[in-house]
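**Q** Just passing along the structure, written as structure tokens.
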Amino acid sequence: MTRFRKLGVAVVTAALAAGTLAACGGDGDGGDGDGGDAKTLKLWHYESANSAMGIAWDRAIQIFKDEHPGVEVQFERKAFEQIQQNAGMIINSSEGPDIMEYNKGNATAGLLSSQGLLSDLTEETTKRGWDKKLSPSLQTTARYSDKGVMGEGNWYGVPNYGEYVMVYYNKDLFTKYGVAVPTTYDEFTKAMDAFVAKGVTPLAEAGAEYPAGQLFYQLALAKADRKFVDDYQLYKNPVDFKADPLKSGAQAFADFVAKGYVAKTSASLKAEDMGTAFISGKAPMIVSGSWWYGRFKNEIKFNWDSFLFPGNKFHAGSSGNLWVVPTTSKAKGLAYDFIDITLRPEIQALIGNNGGVPVAADASQITDPKNQKLIENFNTISQQDGLAFYPDWPVPGYYDVLVSGFQSLINGSKTPDQVLDTIAKPYGEGVKEITGK
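Mind the numbering: the sequence shown is residues -22 to -1, 1 to 415 in mature numbering (1 follows the signal peptide of the UniProt record, and there is no 0), read in order.
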């Protein structure tokens, strides 16, 4: 669900990056359209300027300019929703980027790769050693089959950071109300009961965008195993939406609303509303992703921390968004150079030291205790094969389906069973279209 929000942004970013690289162009090798003599690189991404990726990529752009004198980098920061809704049209036009950040997953990068809109990066990945810097679990979202299914086939994108969903909490509010930090699911619900008893809504939420879907997925993953994740995300076997873990996840979500853990008024709120509620100190907790970390470090004035969703082995998360190079890029060689720069130790350390999750950093270069914990928790999940991707990934258009479904559960217009019916049909139709069965 996180990736709901980031899909549009990623597409824009990738487009921007492609433009920038094309302008820089380098040696001209790489075949037709590599942009060896290009003087402009159009690069798009959607990360905020003070985020870990925004900071690191600004530095990468500067290094790229230093190493490619005479090349103009035309960078544009785009909006996530803009890219999510119009990615195919944008990158298939002459106005699109040479390189951009784009959302990973079957419904996004997989779909565009199957339509022939993204450049095959397999040869470049091997030549530059990108495959050696990324663990097998992180490579899953970079490779797609001819049908656009992730995990196998050629490389169509390259991640340079990781991400995962966690619980952020306001330590001052926990202390003020005498609430203990939970380590199990039962302790988690007891902590929320304690806040409710004091008249405080424990979880800020956003039903109009990805956060609500993320919460549902985390609740479902509490009773999930790797088989479920593979069935749901990779179509290994049919998925029963009226059985656990999806059934238990939807019921638990409805219980969160009924018990006052989540406000019914949050049905119309967006992710930014949820984030600013936490930043302002009004909300004890939010369940969301590591992409907030850098911003929270910069903007929050109170004591805060984070913990993994209590009791779960599996967590929403994956590699970060991908650098992709549209097939229409006129500066492919430059784009490849830029991607390579973002995987260098200096850039990876910048990601890690500014609240991001680097994929190829020297751990000794990460100095802040909060950042170290962020990375350690990601490594814990990754090492136990606990990355479960995101709930909107399986089929195209599923983001909107999930947002609508869980808005209905928050405002009480549908029951859990009705919501499961609502999200099951588009899933089944989408899988059939992709797999033919």
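The C-beta atom is built at its ideal place from N, Cα and C for all residues, glycine as well.
1. Among the candidates TYR146, MET263 and GLU407, whose CA atom is the shortest distance from the CA of TYR213?
2. Cα-Cα, which of MET78, GLN117, SER123 and GLY107 is closest to GLY88?
3. Can you name the residues that DSSP bridges to ARG322?
4. Quick check: the Cα distance between TRP108 and GLY48, rounded to an integer number of angstroms?
5. Residue ranges of each alpha helix (DSSP H) run of no fewer than 4 residues wholly in the stretch 215 to 265, ordered along the chain?
6. For SER71, which residues of its own chain have a beta-carbon under 8 Å away from its beta-carbon, when the five flanking residues on both sides are left out?
7. Work out the CA separation of LYS20 and ALA309 for me, nearest whole Å.
8. Which term fits MET263, buried or exposed, when burial requires 16 or more other beta carbons within 10 angstroms of its beta carbon?
9. Quick check on the burial criterion: 16 or more other C-beta atoms within 10 angstroms. Buried or exposed for ALA182?
10. Going by the beta-carbon positions, is the gap between VAL373 and ILE412 smaller than 8 Å?
11. Helix, strand or coil, according to DSSP, for GLY267 in the structure here?
12. Which partner residues of GLY295 appear in the DSSP bridge assignment?
13. Let me know if SER258 comes out buried or exposed under the rule of 16 or more other beta-carbons within 10 Å of its beta-carbon.
14. For ILE388 versus SER266, is the C-beta distance shorter than 8 Å?
15. Under 8 Å, with one C-beta from each stretch per pair, do the stretch 279 to 295 and the stretch 196 to 203 reach the 3-pair mark?
16. Would you call the stretch 101 to 119 and the stretch 222 to 232 in contact, with 3 or more CB pairs under 8 Å?
17. Determine which residues share a DSSP beta bridge with GLN52 and list them.
18. If I follow the unbroken beta strand (DSSP E) through ASP283, where does it start and stop?
19. Alpha carbon to alpha carbon, what distance is there between VAL235 and ASN355?
20. Starting from VAL207, follow its DSSP beta bridges and name the residues at the other end.
21. Is it true that the CB of TYR139 sits closer than 8 Å to the CB of GLY333?
22. Let me know the secondary structure DSSP gives ASN276 once reduced to three states.
**A** Taking the coordinates as given:
1. Numbered from 1 along the sequence shown, position 235 holds the residue referred to as residue 213. Ranking TYR146, MET263 and GLU407 by Cα distance to TYR213 puts GLU407 first.
2. The sequence position of residue 88 within the sequence shown is 110, counting from 1. Residue SER123 is the option with its Cα nearest to GLY88.
3. On the sequence shown, residue 322 is found 344 positions in, with the first residue counted as 1. Bridge partners of ARG322 according to DSSP: none are assigned.
4. Here the question's residue 108 lines up with position 130 in the sequence shown. Here the question's residue 48 lines up with position 70 in the sequence shown. It is roughly 27 Å from the alpha-carbon of TRP108 to the alpha-carbon of GLY48.
5. Counting only runs of at least 4 residues, the stretch 215 to 265 fully encloses the following alpha helix (DSSP H) elements, listed from N- to C-terminal order: 224 to 236 and 249 to 257.
6. Translated into the one-based positions of the sequence shown, residue 71 becomes position 93. Residues of the same chain with a CB within less than 8 Å of the CB of SER71, apart from the 5 flanking positions on each side, are THR306 in chain order.
7. Translated into positions along the sequence shown, residue 309 becomes position 331. Translated into positions along the sequence shown, residue 20 becomes position 42. Cα to Cα, ALA309 sits roughly 8 Å from LYS20.
8. In the sequence shown, counting from the first residue as 1, residue 263 sits at position 285. For MET263, the number of other beta carbons within 10 angstroms of its own is at least 16, and it is reported as buried.
9. Position 204 of the sequence shown holds residue 182. Flag for ALA182 reads buried.
10. Sequence index remark: in the sequence shown, residue 373 carries index 395 (1-based). Sequence index remark: in the sequence shown, residue 412 carries index 434 (1-based). Yes; because the gap between Cβ atoms is below 8 Å, this pair is in contact.
11. Looking up residue 267 in the sequence shown gives position 289. In this structure, GLY267 counts as strand in the three-state DSSP scheme.
12. In the sequence shown, counting from the first residue as 1, residue 295 sits at position 317. Per DSSP, TYR142 and PHE367.
13. Translated into positions along the sequence shown, residue 258 becomes position 280. Burial call: exposed.
14. In the sequence shown, residue 388 corresponds to position 410, counting from 1. In the sequence shown, residue 266 corresponds to position 288, counting from 1. Annotated as distal: ILE388 and SER266, with beta-carbon spacing of 8 Å or more.
15. The stretch 279 to 295 makes contact with the stretch 196 to 203, as at least three CB pairs between them are under 8 Å.
16. With contact defined as three or more Cβ pairs closer than 8 Å, the stretch 101 to 119 and the stretch 222 to 232 are not in contact.
17. Locating residue 52 in the sequence shown gives position 74, where the first residue counts as 1. Answer by DSSP bridge pairing, in chain order: LYS20.
18. Residue mapping note: residue 283 aligns to position 305 of the sequence shown, counting from 1. Start and end: 282 to 285.
19. Locating residue 355 in the sequence shown gives position 377, where the first residue counts as 1. Locating residue 235 in the sequence shown gives position 257, where the first residue counts as 1. Rounded to whole angstroms, ASN355 to VAL235 spans 28 Å at the Cα level.
20. Indexing the sequence shown from 1 puts residue 207 at position 229. DSSP output for VAL207 lists no bridge partner at all.
21. As a position in the sequence shown, residue 333 is number 355, starting the count at 1. As a position in the sequence shown, residue 139 is number 161, starting the count at 1. Inclusion of GLY333 and TYR139 in the CB contact set at 8 Å is not warranted, their separation being larger than that value.
22. Residue numbering aside, residue 276 sits at position 298 when the sequence shown is read from its first letter. Helix at ASN276.
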